[in-house]
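Residue numbers for the sequence shown follow full-length UniProt numbering, so the first one is 1 and each next one is one higher.
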Amino acid sequence: MENDSTLPKKWGFEGNSEFKPEPHTTIRGALNLLESNLNQSDNRPVIPMAHCDPSAFPCFNTTEIAADAIADAARSAKFNGPPPTVGILPARKAKGVQCRVVKESGGTQVQIGGEDGRDWNR
Numbered sequence: 001m002e003n004d005s006t007l008p009k010k011w012g013f014e015g016n017s018e019f020k021p022e023p024h025t026t027i028r029g030a031l032n033l034l035e036s037n038l039n040q041s042d043n044r045p046v047i048p049m050a051h052c053d054p055s056a057f058p059c060f061n062t063t064e065i066a067a068d069a070i071a072d073a074a075r076s077a078k079f080n081g082p083p084p085t086v087g088i089l090p091a092r093k094a095k096g097v098q099c100r101v102v103k104e105s106g107g108t109q110v111q112i113g114g115e116d117g118r119d120w121n122r
């Protein structure tokens, strides 16, 4: 980009000096506001919203069967890319759902129906 001397040397905007942010306008402020409204007599455990790692809480543990299924899929090297647009056949069969792809002038649409395909969504 060429250096044009007709362009202004600084940005043409600045902060609003009349705006005084309240503490709850920050993420920490919003979290503090939520925590201050918790019922202190309720003894149920509360998971902090800003914790970022749910694995420290037992209610978020992944079941062994799910972890094994993910590991098996990764080791098989069959799923190293995106799935086909119609979905993965074993997954569709497991749920008893049929899919079909409809190409229209405005684009492509995936329609989902029951096992027999009679209740296609529109």
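Glycine included, C-beta positions come from ideal geometry on N, C-alpha and C.
Just so we're clear, the structure is a prediction, and the values are computed from it rather than from any experiment.
Residue 58 is not a Cβ neighbour of residue 31, given a cutoff of 9 Å. Counted as a single uninterrupted DSSP element, the alpha helix (DSSP H) harbouring residue 31 occupies residues 27–36. Boundaries of the alpha helix (DSSP H) harbouring residue 70: 64–76, taken from the DSSP string. Distance from the CA of residue 88 to the CA of residue 14, rounded to the nearest whole angstrom, comes to 52 Å. Excluding the 5 residues flanking it on each side, residue 66 has no same chain C-beta neighbour closer than 6 Å.
If you draw a straight line from the Cα of residue 83 to the Cα of residue 28, it comes to about 39 Å. Inter-residue distance for residue 39 and residue 76 is about 49 Å (C-alpha atoms, whole angstroms).
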